[in-house]
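Numbering (the working numbering), first residue to last: 451 to 685. First the structure, in the form of C-alpha cells, and then the observations on it.
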Amino acid sequence: MSEPHGATTGTVAFIATEVASMEHHRLELLRLPRLVVSRKTIDSLVKSDRDDLPLEPQPFSSEPPRLPPFRHNPLHDMESVWWLCVWMMFYLSYSKERSWEQFQNYYRIFGSQAAKKDFSELSKFKQLTNHLSGTPAFVSTIYSWLMALNSFYSDCYEQQDSLANPPTILQVDDDTIELFYNYGRKALRTLEKGSEPLPECVKLSERRQQENSRKTPRLISNGVNLPLPKKRRTQ
451 MSEPHGATTG TVAFIATEVA SMEHHRLELL RLPRLVVSRK TIDSLVKSDR DDLPLEPQPF
511 SSEPPRLPPF RHNPLHDMES VWWLCVWMMF YLSYSKERSW EQFQNYYRIF GSQAAKKDFS
571 ELSKFKQLTN HLSGTPAFVS TIYSWLMALN SFYSDCYEQQ DSLANPPTIL QVDDDTIELF
631 YNYGRKALRT LEKGSEPLPE CVKLSERRQQ ENSRKTPRLI SNGVNLPLPK KRRTQ
C-alpha cells in the first residue's frame, strides 16, 4: 500500500461519487424507503391462513423504476470542492495526530469509489475522522458541509422524483445552485480562518517516511513493512 501522493491520486479523489459511478445512486437511496414492506403487511402475512409466504409481497411485485440517464449537474461541482477539503484534511498531518491511524483511514476513504460513498454517510464520517482531535474546527466545518450537501441532493432529487411525471433528466434550479454555492463559499472562508492559528503541518507521506526511517523494517510475504519483534531478555 503506497503513500498518498501526487496530482493523479488527488484528481481521482475529488470526483463526485455520482460522476465516478456514472449513475444517480443518491436517487436510488432515496427510493429505498418506498420499497420497504410495512410491518402491518408482514403481520397480516404471518396471521393469514396461507401455508407459505409469497416471495415477492407488495410492493415488491412491481419492478422499481429505472434511474434516469446520468447527467452532470452543479451539485457535483460543489461536491468535488468538498472532497478536495476532505483530501487536504487527511493529506496534511498535524504533529499531534496519530499518523498511522490517519494513514489507514485515508485509504479507508479514498481506496475505492465504494468507500467514498460510505464516507458520505454521517456515521462513517465521524468514525473515520475521530482521530483528528487536533483540528476539531476543520472536522466540524466539513461535517456540517456534508450534512448540507446530502440535504441539497435529497431535496432536489426527491422533489423531482415525486412528481406525477418525473423528468427524464434530473435538473437543479437556479435558486438551489445559488444557495448551495453561497453555503460552500462560507464554508471555505470558515476553513481558511480556522487554519490561521494552526501550527505548520507536513505531508502525511513525509511524516510516515520519517517515522519509518527510525525503525528497521522486515518485509513479510504480503508486502507490508513491520518492525522487528523486540528481543526477549535472557536470564
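Cβ atoms here follow ideal geometry from the backbone N, Cα and C, with glycine treated the same way. Just so it is clear, the structure is predicted and the values come from calculations on it, not from any experiment.
Same chain, Cβ closer than 7 Å to residue i, five either side skipped, listed in chain order
i, result
"Ala565", "Arg558 and Ile559"
"Gly456", "Only weak support exists for where Gly456 lies, its pLDDT of 38 falling under 50; the coordinates are left without a value."
"Phe434", "There is simply no residue 434 to check, as the chain begins at 451 and stops at 685 in what is shown."
"Asp568", "Lys574"
Simplified DSSP assignment, three categories, for residue i
i, result
"Leu542", "strand"
"Phe630", "helix"
"Leu517", "coil"
"Glu646", "coil"
"Ser590", "helix"
"Ala565", "helix"
"Ala637", "helix"
"Ser511", "Any answer about Ser511 is weak, because its pLDDT of 46 lies below 50 and its placement is not dependable; what the coordinates show is given next. Reduced to three states, the DSSP call for Ser511 is coil."
"Asp611", "helix"
"Glu394", "The structure shown does not extend to residue 394, since the chain is modelled only from 451 through 685, so no value can be given for it."
"Pro616", "coil"
"His581", "coil"
"His522", "coil"
"Asp527", "helix"
Sequence-distant residues of the same chain with beta carbon closer than 6 Å to residue i, five excluded per side
i, result
"Ala470", "Gln563"
"Val462", "none"
"Asn523", "Val622"
Close beta carbons around residue i, own chain, < 8 Å, minus the five adjacent residues each side
i, result
"Glu473", "Leu517 and Phe520"
"Leu638", "Val531 and Cys535"
Closest Cα partner of residue i within the set the options
i, options, result
"Thr585", "Leu620, Glu642, Ser530 and Phe464", "Glu642"
"Leu620", "Tyr633, Lys574 and Asp605", "Asp605"
"Gly634", "Leu482, Cys535, Thr467 and Lys497", "Cys535"
"Trp537", "Met528, Glu551, Pro616 and Tyr556", "Tyr556"
"Arg481", "Lys497, Pro515, Glu468 and Ser498", "Pro515"
"Lys636", "Tyr607, Ala598 and Pro616", "Ala598"
"Ser645", "Trp533, Thr618 and Leu542", "Leu542"
8 Å contact criterion, which residue i and residue j should meet: CB distance rounded
i, j, result
"Met539", "Leu578", "Contact doesn't hold; Cβ gap of about 11 Å is too wide."
"Ser530", "Ile465", "6 Å"
Any contact between the region 468-477 and the region 600-618? By contact I mean 3 or more CB pairs, one from each, below 8 Å.
Three or more beta-carbon pairs drawn from the region 468-477 and the region 600-618 are found closer than 8 Å, and the two stretches are therefore classed as touching.
Are the region 586-600 and the region 617-628 in contact at 8 Å, needing three or more beta carbon pairs?
Judged by Cβ distances under 8 Å, the region 586-600 makes no contact with the region 617-628, as fewer than three pairs qualify.
So does the region 575-590 actually touch the region 628-638, counting three or more Cβ pairs closer than 8 Å?
By the Cβ rule, the region 575-590 does not count as touching the region 628-638, because fewer than three pairs are nearer than 8 Å.
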